[in-house]
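Reading through the structure tokens given below for one structure.
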Amino acid sequence: MKLTGWLEGVGRFYVGLLLAFLYLPIVIMALMSFNASPFYQLPFEWTTHWYSDLSRNNQLLTATLNSLRIAVMTTVIATILGTAASIALYRYDFRGKRILQVLLFPPIAIPWLITGTAMLIFFYGIGIGRGLHAILLGHVALALPYVIVVVSARLQTFAPELEEAARSLGASQWQVTRRVTLPWIMPGVIAGALFAFAVSFDQFVVSYFLATPGQGTLPVEIYAAIRKGFTPEINAVSTIIIVVSMGLMLVTARFFKFGGDR
Amino acid sequence: MKRSTRLLTVTALLASALTVSASAAELHVLNWKGYGADEPWAIEAFEKATGHKVVNDFFNSEQEMLTKLRTNPGLYDVVMINAAFTGQAIDENLIQPIDTSKIPNAADISAEKAQSPMLNRDGKTFGVPWVWGLTALAINDKSFDTPPTSISVMWDEARKGRVIIRDDAVEAIQFGAIASGQNINDIKDMEAVKAKLTSLMPQIRTFWSSENDWNQMVASNQIDVGTYWSGSADRAKTQFKLPVSLVIPEEGAVAWLDAFSVPVGSDNVEGAEAFINYMIDPEFYVEWVTKVGAPVSANDKALAALPEDSFNRAVMGSPEVAKRIQFQAPITDEQRESYLAVWQELKVNVK
Amino acid sequence: MTSAQAARKGIRPALPLLAPAYLWLTVAIFLPLSAMAFFSFMTDLPMAGREWSLTLKNYAAFFSTSLYLTLLWSSLRLGLEVTAWCLVIGFPAAYVLAKVLKGRAREAIFLLVILPFWSNGLVRIFSWAMVLREGGILDTALNAVLPFTVSIDLMYSYPAVIIGLVHSYVPYMVLTCYLTLQAIDDSLIEAARSLGASRRQVLRRLILPLAMPGIVAGAVLIFVPVVGSFMEPRILGGRTGTFYGTVIEDQFVAVFNWPLGAALSFILLAVVLLILAASAPILRRAQQ
Numbered sequence: 001m002k003l004t005g006w007l008e009g010v011g012r013f014y015v016g017l018l019l020a021f022l023y024l025p026i027v028i029m030a031l032m033s034f035n036a037s038p039f040y041q042l043p044f045e046w047t048t049h050w051y052s053d054l055s056r057n058n059q060l061l062t063a064t065l066n067s068l069r070i071a072v073m074t075t076v077i078a079t080i081l082g083t084a085a086s087i088a089l090y091r092y093d094f095r096g097k098r099i100l101q102v103l104l105f106p107p108i109a110i111p112w113l114i115t116g117t118a119m120l121i122f123f124y125g126i127g128i129g130r131g132l133h134a135i136l137l138g139h140v141a142l143a144l145p146y147v148i149v150v151v152s153a154r155l156q157t158f159a160p161e162l163e164e165a166a167r168s169l170g171a172s173q174w175q176v177t178r179r180v181t182l183p184w185i186m187p188g189v190i191a192g193a194l195f196a197f198a199v200s201f202d203q204f205v206v207s208y209f210l211a212t213p214g215q216g217t218l219p220v221e222i223y224a225a226i227r228k229g230f231t232p233e234i235n236a237v238s239t240i241i242i243v244v245s246m247g248l249m250l251v252t253a254r255f256f257k258f259g260g261d262r
Numbered sequence: 001m002k003r004s005t006r007l008l009t010v011t012a013l014l015a016s017a018l019t020v021s022a023s024a025a026e027l028h029v030l031n032w033k034g035y036g037a038d039e040p041w042a043i044e045a046f047e048k049a050t051g052h053k054v055v056n057d058f059f060n061s062e063q064e065m066l067t068k069l070r071t072n073p074g075l076y077d078v079v080m081i082n083a084a085f086t087g088q089a090i091d092e093n094l095i096q097p098i099d100t101s102k103i104p105n106a107a108d109i110s111a112e113k114a115q116s117p118m119l120n121r122d123g124k125t126f127g128v129p130w131v132w133g134l135t136a137l138a139i140n141d142k143s144f145d146t147p148p149t150s151i152s153v154m155w156d157e158a159r160k161g162r163v164i165i166r167d168d169a170v171e172a173i174q175f176g177a178i179a180s181g182q183n184i185n186d187i188k189d190m191e192a193v194k195a196k197l198t199s200l201m202p203q204i205r206t207f208w209s210s211e212n213d214w215n216q217m218v219a220s221n222q223i224d225v226g227t228y229w230s231g232s233a234d235r236a237k238t239q240f241k242l243p244v245s246l247v248i249p250e251e252g253a254v255a256w257l258d259a260f261s262v263p264v265g266s267d268n269v270e271g272a273e274a275f276i277n278y279m280i281d282p283e284f285y286v287e288w289v290t291k292v293g294a295p296v297s298a299n300d301k302a303l304a305a306l307p308e309d310s311f312n313r314a315v316m317g318s319p320e321v322a323k324r325i326q327f328q329a330p331i332t333d334e335q336r337e338s339y340l341a342v343w344q345e346l347k348v349n350v351k
Numbered sequence: 001m002t003s004a005q006a007a008r009k010g011i012r013p014a015l016p017l018l019a020p021a022y023l024w025l026t027v028a029i030f031l032p033l034s035a036m037a038f039f040s041f042m043t044d045l046p047m048a049g050r051e052w053s054l055t056l057k058n059y060a061a062f063f064s065t066s067l068y069l070t071l072l073w074s075s076l077r078l079g080l081e082v083t084a085w086c087l088v089i090g091f092p093a094a095y096v097l098a099k100v101l102k103g104r105a106r107e108a109i110f111l112l113v114i115l116p117f118w119s120n121g122l123v124r125i126f127s128w129a130m131v132l133r134e135g136g137i138l139d140t141a142l143n144a145v146l147p148f149t150v151s152i153d154l155m156y157s158y159p160a161v162i163i164g165l166v167h168s169y170v171p172y173m174v175l176t177c178y179l180t181l182q183a184i185d186d187s188l189i190e191a192a193r194s195l196g197a198s199r200r201q202v203l204r205r206l207i208l209p210l211a212m213p214g215i216v217a218g219a220v221l222i223f224v225p226v227v228g229s230f231m232e233p234r235i236l237g238g239r240t241g242t243f244y245g246t247v248i249e250d251q252f253v254a255v256f257n258w259p260l261g262a263a264l265s266f267i268l269l270a271v272v273l274l275i276l277a278a279s280a281p282i283l284r285r286a287q288q
């Protein structure tokens, strides 16, 4: 549907509005990391004090690194496993398929608090215990349903004749997948990966139960910090993360096309 | 080639995440966050003096503390427990008897607290009293010319929408008991408590759950008065310079006693004893009160080391206050569940 | 177009692709949740030598008072409202992203939309608190601009909970809708237009049905977690912030009654699955 010029303008303006809504709290968060009051009091008083505090706060920095490490690993594992499962669910028909699809909902529907408690008890019971390995195990499992749902949504737009055609031209199963299917669903895979990263990076409940003392993740530290005082150091570290990831993303966007062709 | 290096990187990342090492000289302490035992200056002094490396872990509710003890046997060396919960921890075999002769400062703890039946069983000591405090009222100094003396200020029409209480069933019900003139450990007329709390609901701005909530609400001048913990009110004033004052209403207040215990299976009992000794030491206490703000020490000598006119000594220690406060006794699971049911119903009905 | 066209029979060829994901889910989620499901039929936890036996009383507790039903109802309403807002706000944005913007700008905005939920949820909620309260940023900003005085105090109210949740979840809808909208061939739309279809007809008959898988995925990913949410309602809702998720949380955090908490969660799961199952035929019709 070709939109007329002014309608396109309205559309662009609308996306701008949405971005403003999305970034309002982020901007506030960043501003408050430069505000002197530990209780986010106004009027605004400029300081970089919280950043220098942060640079000395080893616990928070370690936690941030742990979080990044786990989020990256979760993203890689969950995206690969989830994409594979989505392709299988799309391509093949077998008894019990619906059940497998329905089984994706409990991890999303049951509040993370209950899942986290269940994991703690179960991991403790079978000897996996607590620690970063347990957190990774839990995060991948939580991220998988998101990846599968998102990639499957994209797969539904895929014309199966393409696979058939490629196969009839003598392509092997793997070649079909790599050359035909994957390129088409790439935007879905990327979106799934972004979801997986977000689920892991912002996951505090499950991490909270599974972390060992001194080896927490960033959300665990943040959650614990609300007891004592939610100092703007937290804003500072969040701001750094947002700015760095924004930079990384914009660089990636320059060199890598993932919004899909057309 | 490219693929195999990528695989290697992933494997290396995995491997590095899987190795979590623990060293033997570590001392694992489980406590509320920001509650003395994790003050950086204190840990530094303790580590220098004894050579034990302190690793702090925190809980956000007593239930969570018990769960952490249950699911991590042998991990923790010291745990801070509200004395009302110590009995439950003993019943579940989570904590072990303490040899107080190895803790020199324990001799200075006031006898009535040291021998509390909540902390001792069959002649053995399971908890060393640390500090005690009150759940009373605190006010925003900016909103009052003269501090209120009665709990009824919470129901004052003029304070509507500027009152705050903690979102905690037990605390809310016990507060209601005091407001309706009852014994907090033996509530006879639950209907009166319900009626009191129901009429309080429209007054409330929001519920608080952590110290930080309270402090932010005062800092942004959104509240006049609310329930608060005495140590926290002191911290808000001393450390954060907020206009907060504690009020011990004439109707009374809930008092609690916090004590240190040693979990079953601790592999550093000696370190635990040293740590407990340090925590009840007068020197640590005075520094804690002056720098940060703290509840009242159970150690008489520590209290005597404070200036005579200090709040924790002059007000909290006065016999006038002692008459008004009611110490919290252990609560059974059934009681706690029934309190929660009442509290949830009250909260749902305001919607 | 259904996936059955592409389907090949038998589970064997699907196994190598499916097994890793589902094995992982089994170890880390299904088995722990089964244990939890078992707890929900117990009188007490089998820990520390407590006595326990099997019972249905935790499920009976749900029906014994109107409390849980009332709360479940308000949580479902919250889920529906948040999902509806996300759809209304997110779908047009996804459309612009997929069909109006081109090239690098699209890629960049696509990423910008998802970036906010890489920031910590708790920090975001606290920032909203600063915006929405009386004397907060929204209040101050409006009063600086408007010639008359208004008092904006949205904090600790139902709208505050909605705003906070929509903010957290709207990127989900934008992304999932984008994925299916972007796949629609522009020439298809042009053909329909040249055959005389009005803009509205094209939207209703062509674009919406083709975008449906994305809308459904987004709606599910929003509705399902929102119904059980407890952080946002608690902090932004204040005294009106009691929902089904918060009472489940209480059973775990405030009292040690996991059996009841687990039973309440599985009732929630059952209700959510029923709703999804009931809406499936409607959605399928919309897709054709």
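Chains as they are written, first to last, in the numbering used here: chain A, 1 to 262; chain B, 1 to 351; chain C, 1 to 288. No residue lacks a Cβ here, since even glycine has one placed at the ideal position from N, Cα and C.
Item to complete: Using a cut-off of 9 Å between C-beta atoms, extract the partners of C/Leu-67 located in chain B.
Response: By one-based count along the third sequence, residue 67 of chain C stands at place 67. Near C/Leu-67 (Cβ distances below 9 Å), the residues of chain B are Ala-341, Gln-344, Glu-345, Val-348.
Worksheet item: Helix, strand or coil for C/Met-42 per DSSP?
Response: Here residue 42 of chain C refers to the residue found at position 42 of the third sequence. Strand.
Worksheet item: Which same chain residues, not among the five before or five after A/Tyr-90, have their C-beta less than 6 Å away from its C-beta?
Response: The residue you call residue 90 of chain A lines up with position 90 of the first sequence. So the list reads Leu-155, once near-sequence residues are dropped.
Fill in: Collapsed DSSP secondary structure at B/Pro-129 in the structure displayed
As a first step, residue 129 of chain B must be located in the second sequence, where it is residue number 129. If DSSP states are grouped into helix, strand and coil, B/Pro-129 belongs with the strands.
Worksheet item: If we call anything under 8 Å between Cβ atoms a contact, is B/Trp-132 one with B/Met-80?
Response: To locate residue 132 of chain B, count along the second sequence from 1; it is residue 132. To locate residue 80 of chain B, count along the second sequence from 1; it is residue 80. In this structure, B/Met-80 does not lie closer than 8 Å to B/Trp-132 by Cβ.
Discussion item. Pop quiz: C/Val-226 and C/Gly-79 are said to be a contact at Cβ under 8 Å. What is the actual Cβ separation, rounded to whole angstroms?
Written reply: Position 226 of the third sequence, counted from the first residue, corresponds to residue 226 of chain C. Position 79 of the third sequence, counted from the first residue, corresponds to residue 79 of chain C. Right, the Cβ-Cβ distance comes to about 4 Å (below 8 Å), so this counts as a contact.
Practice prompt. Output, in chain order, the set of chain A residues within a Cβ distance shorter than 7 Å of B/Asp-57.
Written response: Residue mapping note: residue 57 of chain B aligns to position 57 of the second sequence, counting from 1. Result: Pro-213.
Worksheet item: Can you tell me whether A/Gln-175 is buried or exposed, with buried defined as 16 or more other CB within 10 angstroms of its CB?
Response: Locating residue 175 of chain A in the first sequence gives position 175, counting from the first residue. So A/Gln-175 counts as exposed.
Worksheet item: When we look at the beta-carbon of C/Leu-17 and count the other beta-carbons within 10 Å, is it buried (16 or more) or exposed?
Response: What you label residue 17 of chain C is simply residue 17 of the third sequence in a count that begins at 1. With 16 or more other Cβ atoms within 10 Å, it is buried.
Worksheet item: Run through DSSP, which three-state label would C/Thr-55 get?
Response: What you label residue 55 of chain C is simply residue 55 of the third sequence in a count that begins at 1. Reduced to three states, the DSSP call for C/Thr-55 is coil.
Practice prompt. Give me whichever residues DSSP pairs with B/Arg-121 in a beta bridge.
Written response: Taking the second sequence and counting its residues from 1, one reaches residue 121 of chain B at position 121. In the DSSP output, where bridge partners are listed per residue, B/Arg-121 has B/Lys-124.
Worksheet item: Under 7 Å Cβ-Cβ, which residues of chain A neighbour C/Gln-201?
Response: The sequence position of residue 201 of chain C within the third sequence is 201, counting from 1. Within 7 Å Cβ-Cβ: nothing; C/Gln-201 doesn't reach chain A, min ~10 Å.
Worksheet entry | Residue(s) in a DSSP beta bridge with B/Gln-326 | The residue you call residue 326 of chain B lines up with position 326 of the second sequence. Its beta-bridge partners are B/Val-254.
Worksheet item: Which residues, taken in chain order from the stretch 200-232 of chain B, show a beta carbon closer than 7 Å to some beta carbon of chain A?
Response: Ser-210, Glu-211, Asn-212, Asn-215, Gln-216, Ala-219, Ser-220
Item to complete: Indicate whether C/Asn-58 and B/Glu-337 have their beta-carbon atoms separated by less than 8 Å.
Response: Looking up residue 58 of chain C in the third sequence gives position 58. Looking up residue 337 of chain B in the second sequence gives position 337. Taking 8 Å as the Cβ cut-off, C/Asn-58 and B/Glu-337 do not qualify as a contacting pair.
Worksheet item: For A/Tyr-40 versus B/Gln-239, is the C-beta spacing smaller than 8 Å?
Response: Sequence index remark: in the first sequence, residue 40 of chain A carries index 40 (1-based). Sequence index remark: in the second sequence, residue 239 of chain B carries index 239 (1-based). Result no, Cβ atoms of A/Tyr-40 and B/Gln-239 do not sit closer than 8 Å.
Worksheet item: Under a CB-based cut-off of 8 Å, is B/Leu-197 close to chain C?
Response: As a working mapping, residue 197 of chain B is identified with position 197 in the second sequence. Closer than 8 Å: no.
Fill in: 8 Å Cβ cut-off: residues of chain C touching B/Leu-66
As a position in the second sequence, residue 66 of chain B is number 66, starting the count at 1. Per Cβ cutoff of 8 Å: Phe-256.
Discussion item. Short of 6 Å in beta carbon distance, which residues of its chain neighbour A/Ala-191, apart from the five on each side in sequence? Order them along the chain.
Written reply: Looking up residue 191 of chain A in the first sequence gives position 191. Within the same chain, A/Ala-191 has close Cβ partners Val-150.
Discussion item. Quick check: the Cα distance between C/Ala-342 and B/Ala-83, rounded to an integer number of angstroms?
Written reply: The structure shown does not extend to residue 342 of chain C, since chain C spans only 1 to 288, so no value can be given for it.
Item to complete: Indicate whether B/Asp-156 and B/Ser-209 have their beta-carbon atoms separated by less than 8 Å.
Response: As a working mapping, residue 156 of chain B is identified with position 156 in the second sequence. As a working mapping, residue 209 of chain B is identified with position 209 in the second sequence. Their beta carbons are not under 8 Å apart, which means B/Asp-156 does not touch B/Ser-209 by this criterion.
Practice prompt. Could you tell me whether any Cβ in chain A is nearer than 8 Å to the Cβ of C/Ser-194?
Written response: Translated into positions along the third sequence, residue 194 of chain C becomes position 194. It does not; no Cβ of chain A falls within 8 Å.
Worksheet entry | Contact set between the stretch 27-44 of chain A and chain B, restricted to residues whose Cβ is under 8 Å from the partner | Ser-37, Pro-38, Phe-39, Tyr-40, Gln-41
Item to complete: Can you give me the start and stop residues for the alpha helix (DSSP H) that C/Phe-307 sits inside?
Response: Residue 307 of chain C lies beyond the stretch modelled for chain C, which goes from 1 to 288, so this question has no answer here.
Fill in: Supposed close pair B/Asp-267, B/Gly-74 - CB separation, criterion 8 Å
As a first step, residue 267 of chain B is located in the second sequence; it is residue number 267 there, counting from the start. As a first step, residue 74 of chain B is located in the second sequence; it is residue number 74 there, counting from the start. Between B/Gly-74 and B/Asp-267 the Cβ distance is about 7 Å, and since that is below 8 Å, they are a contact.
Worksheet item: Does C/Val-174 get closer than 8 Å to chain B when you measure Cβ to Cβ?
Response: Taking the third sequence and counting its residues from 1, the one referred to as residue 174 of chain C is at position 174. No, because no Cβ of chain B sits closer than 8 Å to the Cβ of C/Val-174.
Worksheet item: Which class does C/Arg-12 belong to by DSSP, given the choice of helix, strand or coil?
Response: Along the third sequence, one-based indexing puts residue 12 of chain C at 12. In this structure, C/Arg-12 counts as helix in the three-state DSSP scheme.
Worksheet item: Below 8 Å, can you find three or more Cβ-Cβ pairs linking the stretch 174-189 of chain C to the stretch 90-106 of chain C?
Response: These segments touch.
Practice prompt. Please decide whether B/His-52 counts as near chain A, where near means a Cβ-Cβ distance under 8 Å.
Written response: Within the second sequence, residue 52 of chain B is the residue found at index 52, counting from 1. It does not; no Cβ of chain A falls within 8 Å.
Worksheet item: Within the chosen definition, does the stretch 26-46 of chain C reach the stretch 245-263 of chain C through at least 3 CB pairs nearer than 8 Å?
Response: With a cut-off of 8 Å on Cβ pairs, the stretch 26-46 of chain C is in contact with the stretch 245-263 of chain C, counting three or more such pairs.
Discussion item. For B/Tyr-285, tell me which candidate among B/Trp-32, B/Leu-30, B/Trp-41 has the shortest Cα-Cα distance.
Written reply: Counting from 1 along the second sequence, the entry for residue 285 of chain B is found at position 285. It is B/Trp-41 whose Cα lies nearest to the Cα of B/Tyr-285.
Discussion item. Spatial neighbours of C/Phe-243 within its chain, please: C-beta separation below 8 Å, excluding the five flanking residues on both sides.
Written reply: Along the third sequence, one-based indexing puts residue 243 of chain C at 243. The beta carbon of C/Phe-243 is closer than 8 Å to those of Leu-71, Ser-74, Ser-75, Leu-78, Ser-229, Phe-230, Pro-233, Gly-237 in its chain, skipping five residues each way along the sequence.
Worksheet item: Is C/Val-253 closer than 8 Å to B/Gln-203 when the C-beta atoms are compared?
Response: Numbered from its first residue, the second sequence carries residue 203 of chain B at position 203. Numbered from its first residue, the third sequence carries residue 253 of chain C at position 253. Cβ atoms of B/Gln-203 and C/Val-253: not closer than 8 Å.
Worksheet item: Can you check whether the CB of C/Trp-118 is closer than 8 Å to the CB of A/Ala-198?
Response: Translated into the one-based positions of the first sequence, residue 198 of chain A becomes position 198. Translated into the one-based positions of the third sequence, residue 118 of chain C becomes position 118. Yes, they are a contact pair.
Discussion item. Between A/Tyr-14 and chain C, is the shortest Cβ-Cβ distance under 8 Å, so that the two count as touching?
Written reply: Within the first sequence, the letter at position 14 stands for residue 14 of chain A. Yes, its Cβ sits closer than 8 Å to a Cβ of chain C.
Worksheet entry | Cβ-based neighbour list, B/Ile-43, same chain, cut-off 7 Å, excluding 5 preceding and 5 following | Locating residue 43 of chain B in the second sequence gives position 43, counting from the first residue. Val-54.
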